[in-house]
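Shown next, in structure tokens, is the structure this report addresses.
Chains as they are written, first to last, in my numbering: chain A, 1 to 422; chain B, 1 to 434; chain C, 1 to 95.
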């Protein structure tokens, strides 16, 4: 189109394949306006910049970051928000529990980012809580793990630091006799998965569709077509953040590396007195369990998390099963026996709820993040097993940066799906 | 130590199932959380005093006890013991309260005969002390022969209001009023088609109520309940069928809006044969429950021991289930309109203190959002007294008829809160031979 | 209502109350004029509601037993009971 206003030629070009609108000045009397189709022209009902499959913690973080950059988003889920692991989890945001390497680096960035997202009146300020974390040992092998953790924290630095490293008896009030040693770490935090998802999804104009089952996607050089039981949608990009859910036509070579792994969790009633425990109590065997298979561990990995309601969340098992969210008495008995011998005040509590969160695990212990198609319009963000809440904020930000033309950070690059196909 | 069958509930259906199973030479452990056998309907006195019972009820109880006695070598009844749940491996946990001992079992089959839960819809102020279910009043009458309160109002809908009203009269404390929201006396022809036993029973209740001139309001409902700060009295505001407002002062208010099966917690794939019997399978009344229990025992014995099923049980069951449905039709229970126009401040989830305002603030929520964000049905009663109403409210708000397969409560153990120490110290009999 | 010689009694918040053999804690308290069993942390007023151990509305602390339904627990001589919201000697494990 060409308009002539006074002595100025204005040429207007409308284009869909650019990321930003631009104004070009050729000369004093000629202006070229290049407008992005989706901003200038009203988006058609089923064409979005971004479609996200999966309204869990990762998907909703991607959605939030997308709208920060003015992208139009449609997020879909077969059931609803946080219907998978994100709604059946603890919510500890921790660096200490991560494997060394890329995951630790990412967790460090994640902690810093959570601090900024929760600063003053920022979006997560009401729901992300910083608190001390306590890591404890009950035998020599676990003592070694605490030593390793202590050294790791010293090298990592800000925002984590060691507040104290004491024998169990001199540490928290009420701790059991079998505790050798307690390492108090400052700088970690907690956020409830469902509160985070809800906050992200309500913060901006994010369109959602649930219940909605995605069946198939087709990609070409200009867009992705997403077929669902509610109709067909078109987007510039598709993000698949579906956790353990299958159902989409993902390449089998990738799908086969993701297995469901469930963890049984216990919720107690409220204590009437303020607990002496100000943050989660995590056993060193939980740290070791990331590297060893459960049967090699001398004591079951446990976390005792004092929730802000006054209830305790106690976890967890790590079971490779067919992904059922079932719980059994003997496993829970084992977890609670160990937990209460570590922290005897639990004995006066009642158990009101037992459930299992089913997380998507990858055999090499690293999530899968990155494009899975030749045109790089379809990205995967799955397999976070237990680290989803921690990493979701930065992964969301990185994915949006990527689809806007930036490269993934070095650490995220190691999570590429190509590591299975090459 | 590992019984063939565990029966939860030592009431009509549970004991009937147990005797039939024992007759077929299966070892049975019956557990009940109460102090004695009897369940709800045949709750026994604990103080030595009780209210007079109808002859047909006494006969039923004697009959049931007789069967238990006959096969007692195969039956153990353990009272003050709670069913904590069954897991997907077929393991059953029973927590014994006095003396404190818990155990894990792996029986061949599990019978759930936990009876009914009263359905009580939320009303403005229903969380006040002094507001109970009608069943709580009956329970007190049966255990002690009297009630502590001098003034009691019964409100809601259902034949239980008549039964409890008559029982109160007979114990010497006639209710101040009975507030019934439906119009049960309009269905005269339906009433006359009921089996004679029901007519006799219902008739005797009505006779006492009329004779004692207890005010009975049909088509009336409670608008507000308010407890005075300075005394233990309740002020109850009622809207009568003509629309006028009446105010009552009372000590205790018993609410009852129907019965539903108390079957929470039985998971979908329990890894064990499970059979519900009696009201916990389907609300069916005392007479049908006896046959349902016998039938359940017979069916399980057939499965496990290839014995012949006694078909007469099923025939009697069908007959009395049909009769009970007539009663439900008289009270029009299925089509009762629930009043959703409560004050925003009305407490909906009693355990977690969640109000109607909290529920309204959720935007077209999924059931998971109602639980996790709304905190409804997340407390100690596990949704027994709010889930049903909340689900109906949400359905009334949405245009679509689509209902989620899940219920708000979910279904899993523990079916009730259980002390952590009980779980830890539990004896494990799962590996013992049956 | 209060401690009478010869009659069995139990304690509610350290106050002796008489009971009739066979009464539950819930009924004995009600007969003594106590229908309010304390306020829970989330604001719920503890009192008798269903009377048969399903609603968890009447839970109290019983020394030696922990958290128990008042409607399911029979009174015993010298039994110590109190609201769950208060801490004291009753706040111990079951054993």
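Glycine residues also receive a C-beta, built at the ideal position from the N, C-alpha and C atoms.
Nothing here was measured: the structure is a model prediction, and the numbers come from that model.
Secondary structure note for residue 361 of chain A: its beta strand (DSSP E) is the uninterrupted segment 350 to 362. With a threshold of 16 other beta carbon atoms within 10 Å, residue 199 of chain B falls short and is exposed.
Residue 9 of chain C and residue 409 of chain B have their alpha carbons spaced roughly 40 angstroms apart.
Around the C-beta of residue 138 of chain A, 16 or more other C-beta atoms lie within 10 Å, and the residue is accordingly described as buried. For the pair residue 148 of chain B and residue 140 of chain B, the CB atoms are nearer than the 9 angstroms cut-off. Distance between residue 143 of chain A and residue 277 of chain A, taken at the CA atoms: about 21 angstroms. Residue-level contact check: residue 336 of chain A touches chain B, since one or more beta carbons of chain B fall below 9 angstroms from its beta carbon. The beta carbons of residue 267 of chain A and residue 314 of chain A sit closer together than 9 angstroms.
An exposed status is given to residue 140 of chain A, since fewer than 16 other beta-carbon atoms sit within 10 Å of its beta-carbon. Less than 9 angstroms separates the beta-carbon of residue 331 of chain B from that of residue 182 of chain B. Secondary structure note for residue 200 of chain A: it is in no beta strand (DSSP E), and the uninterrupted alpha helix (DSSP H) holding it is 193 to 203. Under the 9 angstroms criterion on CB atoms, residue 74 of chain A is classed as non-interfacial with respect to chain B. Between residue 301 of chain A and chain B, the shortest Cβ-Cβ separation is not below 9 angstroms. Comparing C-alpha distances from residue 194 of chain B to each of B/320, B/361, B/431, B/27 shows the shortest one belongs to B/320. Looking at the DSSP output, residue 134 of chain A shares a beta bridge with A/184, A/281. A check of alpha carbon separations from residue 33 of chain B across C/73, C/81, C/80, C/64 identifies C/73 as the nearest. DSSP places residue 379 of chain A inside the beta strand (DSSP E), whose first and last residues are 378 to 382. For residue 327 of chain A, no beta strand (DSSP E) segment is defined, and its DSSP state is neither H nor E. If you look at residue 313 of chain B, you'll find it in the alpha helix (DSSP H) that goes 311 to 330. Close to chain C, meaning a Cβ-Cβ distance shorter than 8 angstroms, are the following residues of the segment 366 to 386 of chain B: 379, 380, 381, 384, 385.
Judged by their CB atoms, residue 290 of chain A and residue 99 of chain A are nearer to each other than the 9 angstroms cut-off.
Minimum Cα-Cα distance from residue 85 of chain C among the listed residues C/77, C/60, C/75 corresponds to C/60. Going by C-alpha positions, residue 247 of chain A is about 14 angstroms away from residue 260 of chain A. When beta bridges are read from the DSSP output, residue 382 of chain B appears opposite no residue.
With a threshold of 16 other beta carbon atoms within 10 Å, residue 164 of chain A falls short and is exposed. Straight-line spacing of the CA atoms in residue 208 of chain A and residue 92 of chain B works out to 42 angstroms. Non-local C-beta neighbours of residue 53 of chain C in its own chain, meaning closer than 7 angstroms and more than five positions away in sequence, comprise 69, 71, 72, ordered along the chain. For a cut-off of 8 angstroms, the C-beta gap from residue 337 of chain B to residue 124 of chain B is around 17 angstroms, too long to register as a contact. Within the segment 152 to 171 of chain B, no residue has a Cβ lying closer than 8 angstroms to any Cβ of chain A.
Residues of chain C with a Cβ closer than 9 angstroms to the Cβ of residue 341 of chain A do not exist; the shortest Cβ-Cβ separation is about 13 angstroms.
Under the 9 angstroms criterion on CB atoms, residue 6 of chain C is classed as non-interfacial with respect to chain B.
For secondary structure counted as the alpha helix (DSSP H) over 4 or more consecutive residues, the segment 215 to 277 of chain A holds these complete runs in sequence order: 252 to 255. Only buried fits residue 237 of chain A, as 16 or more other CB atoms lie within 10 angstroms of its CB. Taking the CA atoms as reference points, residue 367 of chain A sits about 34 angstroms from residue 376 of chain B.
Per DSSP, residue 20 of chain C has no beta bridge partner at all. Taking a cut-off of 8 angstroms for Cβ pairs, the segment 148 to 160 of chain B and the segment 247 to 262 of chain B touch, as three or more such pairs fall below it.
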